[in-house]
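Reviewing the structure listed below.
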Amino acid sequence: MHGMLRRIPTCGEKRIKTVFTHIQIKRYHSIGPLSGIDCIYCIGYLSRGNELTPTFTFFDNLNPIVSTHKCFDSLLTPKDHVSRRPSDTYYINKDTVLRTHTSAHQTELMSNHNNAFLVTGDVYRRDEIDSTHYPIFHQMEGVRIFERKQFGNLTEDQQNKIIEEDLKKWLQGAITAIFGQELQMKWVDAYFPFTHPSFELEIYFREKWLEMLGCGLVHQDILKSIGLRDHVGWAFGLGLERLAMVLFQIPDIRLFWSQDERFKSQFTRDEIIKFQEYSKYPPCIKDISFWIDERYQPNDFFEMVRGVGGDLIESVQLADRFVHPKTKRESHCYRINFRSMDRSLTHDEINQLQQSIRDKSLSELKLDLR
Ligand code: FA5
Ligand code: MG
1 MHGMLRRIPT CGEKRIKTVF THIQIKRYHS IGPLSGIDCI YCIGYLSRGN ELTPTFTFFD
61 NLNPIVSTHK CFDSLLTPKD HVSRRPSDTY YINKDTVLRT HTSAHQTELM SNHNNAFLVT
121 GDVYRRDEID STHYPIFHQM EGVRIFERKQ FGNLTEDQQN KIIEEDLKKW LQGAITAIFG
181 QELQMKWVDA YFPFTHPSFE LEIYFREKWL EMLGCGLVHQ DILKSIGLRD HVGWAFGLGL
241 ERLAMVLFQI PDIRLFWSQD ERFKSQFTRD EIIKFQEYSK YPPCIKDISF WIDERYQPND
301 FFEMVRGVGG DLIESVQLAD RFVHPKTKRE SHCYRINFRS MDRSLTHDEI NQLQQSIRDK
361 SLSELKLDLR
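Here it is, written out as structure tokens:
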């Protein structure tokens, strides 16, 4: 594979800094540029030099700061859709966001007459905290548009079926080309406002099904809205860290941000290697419980916790819910798992972090601690 691989250009540290100053999670400054992400060079395999790919135009330098119109409206995302909520998306102001997906560039690129293209870039989300979710990650978008007339006199339904099969075959082929035949994968029906029908591809990894990508046929109303009436097309959005996790057997998404030589030194050559895990340091589990009301958004809590503990937070899970039989008030208990990838944590250190999480639950989130 040597030579066919290509490193994904990473967005510079400066841009990350500007962006995070904006949204005030300054803590990530210290992490610096997207170091470990360099190991996702395998993706070049998808984008060129492979018999499965026609000539796709490759965009990897589009600005991650986009209008809500691009990110949501142009993709038919309803005004009240969860993905638009400030609890899920980083707003810079009311009309501008950090793109939550590379799909934000779809309609513009399609209307500029690109009919086969790939977009890679950094995307940003407020999301849950576990080994496969991170607030900054990378996606690759792929789109292919066909003219309906090339299918002769097949009905639209028959044409759509052909395109759906082409999409699945293309993605399955690309995934098999990267991982080999042994990998277990499955298609799951899904929903996106901008595709119909829609699917997700899952890969079996570490005893669980891991979602790798979402895809589908570009919604006819989108094609119409940009003057591509007699066209049909497919699109997908692939999680690049997830792909790299499976490819290199990387167990935790936080490792992409590690500055530890034991991580970095394993990815110095253009080779697909199996990541050698270094010793796991002991975890430390702390619970926190509070009463919630209708204003409560779990992602606000997750982000506050990540703000305090940074990459020392391995996961935050809802361990228990309780509704008081008389008052009907609901309480949540979250289990926070602290663990460093690089060193042993001290009790003092963890107790301080936990105290700070409790303090901020009160002062910033106005939660009623139990
Ligand atoms: C999307 O973002 C759609 N834009 C994908 C798409 C494109 C559908 C074109 C149809 C047509 P989703 O939210 O499922 O879909 O994210 C796509 C992939 O990004 C996921 O399958 C996963 O691999 C990755 N991903 C999502 N959230 C995270 C996260 N917090 N951390 C790391 N990877 C993530
Ligand atoms: Mg999904």
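All residue numbers for the sequence shown refer to UniProt numbering, where the first residue is 1 and numbers rise by one. Backbone N, C-alpha and C define an ideal beta-carbon position, used for all residues, glycine too.
1. Is GLU241 near the ligand NAD, judged by its Cβ being under 7 Å from some heavy atom?
2. On the three-pair Cβ rule with 8 Å, is the stretch 243-252 touching the stretch 163-183?
3. Going by the C-beta, is GLU141 closer than 7 Å to any heavy atom of the ligand MG?
4. Counting only the same chain and skipping the five closest in sequence on each side, list residues whose C-beta sits under 8 Å from that of residue 451.
5. Using the three-state DSSP reduction, which class does GLU330 fall into: helix, strand or coil?
6. I'd like to confirm something about GLY216: is its beta-carbon nearer than 7 Å to some heavy atom of the ligand MG, or not?
7. I'd like to know if the stretch 115-125 and the stretch 200-212 are in contact, where contact means that at least 3 CB-CB pairs between them fall below 8 Å.
8. Can the beta-carbon of VAL308 be found closer than 8 Å to that of ILE253?
9. Would you please state the rounded distance, in angstroms, between the beta carbons of ILE250 and PHE275? I believe it to be under 8 Å.
10. Once DSSP output is grouped into helix, strand and coil, what is the label at HIS231?
11. Alpha carbon to alpha carbon, how far is PRO64 from THR18? Give it in angstroms, no decimals.
12. Is there a Cβ from chain D that is less than 8 Å from the Cβ of PHE194?
13. Just to confirm before moving on: does the CB-CB distance between PHE290 and ARG343 stay below 8 Å?
14. Any heavy atom of the ligand MG within a distance shorter than 7 Å of the CB on GLU202?
15. Kindly give me the distance between the Cβ atoms of LYS286 and GLN354, rounded to whole angstroms, as I take these residues to be in contact under 8 Å.
16. In whole angstroms, give me the CA-to-CA distance for ASP359 and MET304.
17. Looking at the strands, I want to know which residues DSSP matches up with LYS186.
18. Run the proximity test for GLU128: is its beta-carbon closer than 7 Å to any non-hydrogen atom belonging to the ligand MG?
19. Candidates ASP80, LEU76, VAL143, GLU349: which alpha carbon is nearest PHE194's?
20. At a cut-off of 7 Å, would you count HIS133 as near the ligand FA5, judging by its Cβ distance to the nearest heavy atom?
21. Can you tell me whether ILE313 is buried or exposed? The criterion is at least 16 other CB atoms within 10 Å of its CB, across all chains shown.
22. Quickly, what does DSSP pair LEU217 with across the bridge? List them, please.
23. With a threshold of 7 Å, establish whether the CB of GLU314 neighbours any heavy atom of the ligand MG.
24. Where DSSP assigns a beta bridge to TRP291, which residues make up the other side?
25. Which same chain residues, not among the five before or five after GLU364, have their C-beta less than 7 Å away from its C-beta?
26. At a cut-off of 7 Å, would you count GLY307 as near the ligand FA5, judging by its Cβ distance to the nearest heavy atom?
27. Contact check, ILE336 vs ILE288 under 8 Å by CB: the rounded distance?
28. Relative to the C-alpha of CYS284, which candidate in ILE203, ASN114, THR57, PHE338 has its C-alpha closest?
29. If you measure between the beta carbons of LEU217 and HIS196, is that distance less than 8 Å?
30. Would you tell me roughly how many angstroms separate the C-alpha atoms of PRO78 and ARG84, rounded to the nearest one?
31. Determine whether the beta carbon atoms of SER67 and ASP88 lie at a separation below 8 Å.
32. Measure how close the beta-carbons of MET140 and LEU118 come, nearest whole angstrom, since I'm counting them as under 8 Å.
33. By Cβ distance, which residues of its chain are closer than 7 Å to PHE302, with the 5 residues on each side in sequence left out?
34. Can you name the start and end residues of the beta strand (DSSP E) that GLN139 belongs to?
35. Let me know the beta strand (DSSP E) ranges lying completely inside the stretch 59-118, each 3 residues or longer, listed in chain order.
In short, the structure shows the following:
1. Because the ligand NAD does not appear in the structure shown, any question about it cannot be addressed here, the ligands present being the ligand FA5 and the ligand MG.
2. Segment contact: the stretch 243-252 against the stretch 163-183, three or more CB-CB distances shorter than 8 Å; contact assigned.
3. The count along the sequence shown starts at 1 and reaches residue 141 at position 141. Checking the Cβ of GLU141 against the ligand MG gives no.
4. For the chain, the structure presents residues 1 to 370; residue 451 sits outside this window and is missing.
5. Locating residue 330 in the sequence shown gives position 330, where the first residue counts as 1. Three-state DSSP puts GLU330 in a strand.
6. Indexing the sequence shown from 1 puts residue 216 at position 216. Proximity of the beta carbon of GLY216 to the ligand MG is not indicated: no heavy atom of the ligand is located closer than 7 Å.
7. With fewer than three CB-CB distances shorter than 8 Å, the stretch 115-125 does not count as touching the stretch 200-212.
8. The residue labelled residue 308 in the question sits at position 308 within the sequence shown. The residue labelled residue 253 in the question sits at position 253 within the sequence shown. Not in contact: VAL308 and ILE253 (Cβ atoms no closer than 8 Å).
9. Sequence index remark: in the sequence shown, residue 250 carries index 250 (1-based). Sequence index remark: in the sequence shown, residue 275 carries index 275 (1-based). The Cβ separation is near 5 Å, so the contact holds.
10. As a working note, residue 231 is residue 231 in the sequence shown. The three-state reading of DSSP puts HIS231 in strand, counting E and B together.
11. Sequence index remark: in the sequence shown, residue 18 carries index 18 (1-based). Sequence index remark: in the sequence shown, residue 64 carries index 64 (1-based). For THR18, the predicted model reports a pLDDT of 29, less than 50, meaning its position is unreliable and no value from the coordinates is stated.
12. Chain labels in this structure do not include chain D; a single protein chain is all it has.
13. In the sequence shown, the residue the question calls residue 290 occupies position 290. In the sequence shown, the residue the question calls residue 343 occupies position 343. Contact flag unset, no.
14. Translated into the one-based positions of the sequence shown, residue 202 becomes position 202. No, the ligand MG has no heavy atom inside 7 Å of this Cβ.
15. Numbered from 1 along the sequence shown, position 286 holds the residue referred to as residue 286. Numbered from 1 along the sequence shown, position 354 holds the residue referred to as residue 354. Taking a contact as a CB-CB distance under 8 Å, the pair LYS286 and GLN354 counts as one, their CB atoms being some 5 Å apart.
16. As a working note, residue 359 is residue 359 in the sequence shown. As a working note, residue 304 is residue 304 in the sequence shown. Straight-line spacing of the CA atoms in ASP359 and MET304 works out to 11 Å.
17. Position 186 of the sequence shown, counting from 1, holds the residue named residue 186. Looking at the DSSP output, LYS186 sits in a beta bridge with GLU202.
18. In the sequence shown, counting from the first residue as 1, residue 128 sits at position 128. Checking the Cβ of GLU128 against the ligand MG gives no.
19. Sequence index remark: in the sequence shown, residue 194 carries index 194 (1-based). Shortest Cα-Cα distance from PHE194 to any of ASP80, LEU76, VAL143, GLU349 involves LEU76.
20. Residue numbering aside, residue 133 sits at position 133 when the sequence shown is read from its first letter. Within the cutoff, so yes.
21. As a first step, residue 313 must be located in the sequence shown, where it is residue number 313. The residue is buried, with at least 16 neighbouring Cβ atoms inside 10 Å.
22. Counted from its first residue, the sequence shown places residue 217 at position 217. TRP234.
23. Here residue 314 refers to the residue found at position 314 when the sequence shown is read from its first residue. The answer is no for GLU314.
24. Taking the first residue of the sequence shown as 1, we reach residue 291 at position 291. For TRP291, the beta-bridge partners assigned by DSSP are SER331, ASP368.
25. Along the sequence shown, one-based indexing puts residue 364 at 364. Answer for GLU364: MET304, listed in chain order.
26. Numbered from 1 along the sequence shown, position 307 holds the residue referred to as residue 307. No - the ligand FA5 has no heavy atom lying nearer than 7 Å to the Cβ of GLY307.
27. Locating residue 336 in the sequence shown gives position 336, counting from the first residue. Locating residue 288 in the sequence shown gives position 288, counting from the first residue. Indeed they touch by this definition, with Cβ atoms about 7 Å apart.
28. In the sequence shown, counting from the first residue as 1, residue 284 sits at position 284. Taking CYS284 as reference, the option from ILE203, ASN114, THR57, PHE338 with the minimal CA-CA separation is PHE338.
29. Within the sequence shown, the letter at position 217 stands for residue 217. Within the sequence shown, the letter at position 196 stands for residue 196. The Cβ atoms of LEU217 and HIS196 sit closer than 8 Å to each other.
30. As a first step, residue 78 is located in the sequence shown; it is residue number 78 there, counting from the start. As a first step, residue 84 is located in the sequence shown; it is residue number 84 there, counting from the start. In this structure, the straight-line span from the alpha carbon of PRO78 to that of ARG84 is close to 9 Å.
31. To locate residue 67, count along the sequence shown from 1; it is residue 67. To locate residue 88, count along the sequence shown from 1; it is residue 88. It is not a contact, given that the beta carbons lie outside the stated cut-off.
32. Looking up residue 140 in the sequence shown gives position 140. Looking up residue 118 in the sequence shown gives position 118. About 6 Å separates the two Cβ atoms, so the contact holds.
33. Residue numbering aside, residue 302 sits at position 302 when the sequence shown is read from its first letter. Closer than 7 Å at the Cβ level, and outside the excluded window around PHE302, lie GLU128, ILE129, VAL316.
34. As a working note, residue 139 is residue 139 in the sequence shown. That run of the beta strand (DSSP E) goes 136-147.
35. Qualifying beta strand (DSSP E) stretches, in chain order: 65-67, 91-93, 96-98.
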